[in-house]
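Okay, so here's the structure we're looking at.
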Amino acid sequence: MTWSNSNAVPVTAANGETNTNKIFKIFVGYDSREDIAYEVCRHSILKRSTIPVEITPIIQSDMRKKGLYWRERGQTESTEFSFSRFLTPYLADYDGWAMFVDCDFLYLADIKELTDLIDDKYAIMCVHHDYTPKETTKMDGAVQTVYPRKNWSSMVLYNCGHPKNKMLTPEVVNTQTGAFLHRFQWLEDEEIGSVPFVWNFLEGHNRVVENDPTTFPKAVHYTRGGPWFEAWKNCDFADLWLNEMHEYTKEAKKKIEN
650 MTWSNSNAVP VTAANGETNT NKIFKIFVGY DSREDIAYEV CRHSILKRST
700 IPVEITPIIQ SDMRKKGLYW RERGQTESTE FSFSRFLTPY LADYDGWAMF
750 VDCDFLYLAD IKELTDLIDD KYAIMCVHHD YTPKETTKMD GAVQTVYPRK
800 NWSSMVLYNC GHPKNKMLTP EVVNTQTGAF LHRFQWLEDE EIGSVPFVWN
850 FLEGHNRVVE NDPTTFPKAV HYTRGGPWFE AWKNCDFADL WLNEMHEYTK
900 EAKKKIEN
């Protein structure tokens, strides 16, 4: 199911060009174990967005039914969207800019602030994390893997019409290695733009500096596991996620009753 809002404000990129009729497409990685995480992530984006957005979950079972995804799940894949995420440019018809984000995010700021950073000279833009997790497991006991550019692919702005991204076909996504995909090896380093870490603020790793508002998260990423898992119910920023979850469930209940 695709969700959208009706806030018809133009999207303006960093180069000054305004896409007056463009809806910003957002694809969220969906995992059946984390349905509530997806719902809260979606709610947090729609609630704060002042630009028109369209949110679509990337559900592996749907991708398989459509013949877009057929690779077997590997032992190191901690989520159902470990590789299907790279279908984003294809799902966006290789047109305009779109975003992929993991479901375990909570947005605390207007997504327009992120789209304002878009620069067409890049093929993708993301947070360039230097992250080596200390934990050996995450979420509900999944193995915590360590690799170069870890978490770079967890929130990516894709310039879907960029010639290099057109090579991300279903065939490539289903056959290429994890290293090729998660390290963006189809691109040169200078084609990977950077956005501030606060747009992919890693809970348990990144830190808020007192009296420095530039370090406060605009999007919290519960990459180790969020409060929807018993083992992580007391993680940093759990209260913010729980407040958003209560608001979402209250609104969802109202819709059912009406």
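In my numbering, the protein residues as written are 650 to 907.
All residues carry an ideal CB built from backbone N, CA and C; glycine is no exception.
Taking the C-beta atoms as reference points, Thr651 is found nearer than 8 angstroms to Ile704.
Taking a 10 Å sphere around the C-beta of Lys714, we find fewer than 16 other C-beta atoms and assign the residue as exposed. The residue among Lys903, Val858, His870 with its C-alpha nearest the C-alpha of Asn849 is His870. Contact between the segment 728-743 and the segment 754-768 is absent, with fewer than three C-beta pairs closer than 8 angstroms.
The Cβ neighbour count for Trp877, taken over all protein chains shown within 10 Å, is at least 16; the residue is labelled buried.
For the pair of segments examined, the segment 711-727 was found not to touch the segment 694-701: the number of CB pairs separated by less than 8 angstroms stays below three. Of the residues Ile672, Tyr687, Arg722, the one whose Cα lies closest to the Cα of Thr824 is Arg722.
Lys674 carries a strand assignment under DSSP once its states are collapsed to helix, strand and coil. In this structure, the CA atom of Tyr807 is about 15 angstroms from the CA atom of Ile760. As the crow flies, the alpha-carbon of Gly842 is around 9 angstroms from that of His777. Beta-bridge partners of Gly874 (DSSP): none assigned. In terms of Cα proximity to Cys752, the closest of Ile672, Leu817, Met816, Trp890 is Trp890. For Gly842, the pairing in a beta bridge is given by DSSP as Met774.
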